[in-house]
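What follows is a set of notes on a single structure, which appears directly below.
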Amino acid sequence: MPPGTRLPSRTRLARRYHVSEQISRTALRLLVTEGLVEARPGSGYFVRSEPEQFRLCRTDSSSGSGLGELSREVIGTEQERSPAPLSARLRIREGDPVYRTTSRGLSTHLPITLHLSWEPAALTVGTLRTPFDASPDLGLLDRLGAAGHHVDRVIEEVGVRALRDSEAALLGAAPGRSVLVVERTHYCGSRPVETSDLIGAAEQCRLLYKLSLARSQHPAEHRGDP
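Number 200 in UniProt numbering belongs to position 200 of the sequence shown; there are no gaps in the numbering.
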């Protein structure tokens with residue numbers, strides 16, 4: 001069956017193959033578990049298409065969004081009050097003002113990833129280096145550096161969770177879908193100056209890390225021996 005084909009109901013499958021409805025229900029669930037079929041509430045079961053995969057480089061020299069071949073679409077920036085979980089990440093008080101910038105990673109105009117970035121408003125308020133005032137071409141590191149906050153460290157934490165309603169609307173996906181979430185925080189010394197979530201479907205996004213390892217010298221090399 002080609003992708004998008006609707007499968008017969010479990011009742012019709014049971015009749016066709018002379019099994020109980022419990023057996024046909026179990027078979028359909030197995031196909032969903034194996035990723036061959038998707039269940040659409042109220043519509044039935046459909047053959048899934050093979051999802052296109054995208055590599056997201058997490059070692060880009062500019063420490064930007066790391067979208068790889070995806071194009072970036074900025075949706076907008078808003079000022080809001082920091083909720084408790086975000087305040088802990090930025091080490092600010094709950095309710096302190098933050099700038100939230102929302103953007104998406106697109107492939108041929110289809111949203112693949114969602115990028116949410118927050119920074120304490122106190123860092124750049126009253127300057128021309130806020131996300132509202134700075135040139136769109138000015139990268140995060142250059143913008144914060146021009147405001148006196150030079151980023152010298154980045155920490156990332158990767159996890160998997162269910163897609164939330166507000167995120168699903170921006171990605172055009174169903175809430176509850178399993179997504180990869182990369183939490184990246186930029187530091188100036190010991191102070192967090194920006195934190196972000198990169199969100200993408202677990203089946204479509206692969207994170208690419210390139211790690212340089214220090215090479216230890218062999219004793220013979222140390223002595224100059226051949």
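Every residue gets a Cβ at the ideal spot worked out from N, C-alpha and C, and that includes glycine. Source: prediction; values computed, not measured.
N- and C-terminal bounds of the beta strand (DSSP E) containing residue i
{"i": "F196", "result": "A small fix is needed here, since residue 196 is Ser in this sequence, not Phe. Residues R191 to A201."}
{"i": "A162", "result": "R153 to A162"}
{"i": "T77", "result": "S71 to R81"}
{"i": "E21", "result": "No beta strand (DSSP E) holds E21; the alpha helix (DSSP H) holding it covers E21 to T33."}
{"i": "T185", "result": "S178 to C188"}
{"i": "F132", "result": "Careful: F132 lies outside any beta strand (DSSP E) and carries neither H nor E."}
{"i": "L56", "result": "F54 to C57"}
{"i": "R206", "result": "C205 to L208"}
Boundaries (first-last residue) of the alpha helix (DSSP H) holding residue i
{"i": "L170", "result": "D165 to L171"}
{"i": "Y17", "result": "R10 to Y17"}
{"i": "L140", "result": "L140 to A146"}
Nearest-angstrom beta carbon gap, residue j and residue i [assumed within contact, 8 Å]
{"i": "F46", "j": "Q204", "result": "Not confirmed; about 18 Å, so no contact."}
{"i": "T113", "j": "L198", "result": "6 Å"}
{"i": "L70", "j": "R206", "result": "Going by Cβ atoms, the distance from L70 to R206 rounds to 12 Å, so no, they are not a contact pair."}
{"i": "I155", "j": "T185", "result": "5 Å"}
{"i": "V179", "j": "A201", "result": "6 Å"}
{"i": "R91", "j": "L116", "result": "Contact flag wrong, Cβ pair sits at about 18 Å."}
{"i": "S196", "j": "W118", "result": "7 Å"}
Outcome for residue i when other beta-carbon atoms lying within 10 angstroms are tallied against a minimum of 16
{"i": "Y209", "result": "exposed"}
{"i": "R104", "result": "buried"}
{"i": "E78", "result": "exposed"}
{"i": "V74", "result": "exposed"}
{"i": "R129", "result": "buried"}
{"i": "R143", "result": "buried"}
{"i": "E194", "result": "buried"}
{"i": "G68", "result": "buried"}
{"i": "G42", "result": "exposed"}
{"i": "S82", "result": "buried"}
{"i": "A84", "result": "exposed"}
{"i": "residue 227", "result": "No information on residue 227 is available, as it lies outside the stretch 1 to 226 that the chain covers here."}
{"i": "L30", "result": "exposed"}
{"i": "S24", "result": "buried"}
Cross-strand partners of residue i (DSSP beta bridge)
{"i": "A39", "result": "Y45"}
{"i": "V98", "result": "E80 and P120"}
{"i": "T108", "result": "In the DSSP output, where bridge partners are listed per residue, T108 has none listed."}
{"i": "L114", "result": "R104 and I199"}
{"i": "R6", "result": "F46"}
Heavy atom of the ligand GDP within 7 Å of residue i beta-carbon
{"i": "V154", "result": "For the ligand GDP, the structure offers nothing, since it holds no ligand at all."}
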